[in-house]
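All residue numbers for the sequence shown refer to the numbering used here, where the first residue is 232 and numbers rise by one. Just so you know, even glycine gets a beta-carbon here, dropped at the ideal spot from N, CA and C. None of the values given here were measured: they were computed from a predicted structure.
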Amino acid sequence: MSETLATPPPTRDAGAVEHFRRRLAFETDPADLHADLEAGTGVVVVDTRSDAAWAQGRIPQALHMPTVRIREEAANLIAPGTSVVVYCWSPGCNGGSKAALAFAELGYPVREMIGGFEYWAREGYPVATDSGVSRRAADPLTAPTAGPSCGC
């Protein structure tokens, strides 16, 4: 018996289409966010990690707003109705989800970047520190090393 298929996949009638449509409405990934930033779509990226994590490296265009400060700072830094993408450390961290919830409660259209800062850096996108901006080589387990897109 297949462990993968022990629970049958849902049919369209069981909500599969709506499930995946909703996930895409609330999540983005490093590749899509990078493309949006390059295209200048106006999305605001918010790094929700601590001061120490921010100093260690961040997305160059990101605003720094740790989750505990979102409720008090968001309205002063981000215009109402602006699309926001939040991120925290990695897939093993739910900090991005907590931050997305805080922005959603304030009425912002918000998405969480899946993979967090870990996958942004591992996929070879620019990383800023107080010393400047750099890129690491793409990790072949997370991104194609021959080009900027996985083609998905």
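As far as DSSP is concerned, Y356 takes part in no beta bridge. Going by beta carbons, V315 and Y339 fall inside the 7 Å limit.
Put simply, the backbone Cα of F251 is about 11 Å away from that of P241. Under DSSP, Y318 takes part in a beta bridge, and its partners are D278. For E304, same chain residues with a beta-carbon under 8 Å away, outside a window of 5 residues either side, are M296 in chain order. In this chain, the alpha helix (DSSP H) harbouring R254 covers 247–257.
At a Cβ-Cβ threshold of 7 Å, V358 and G271 do not count as neighbours.
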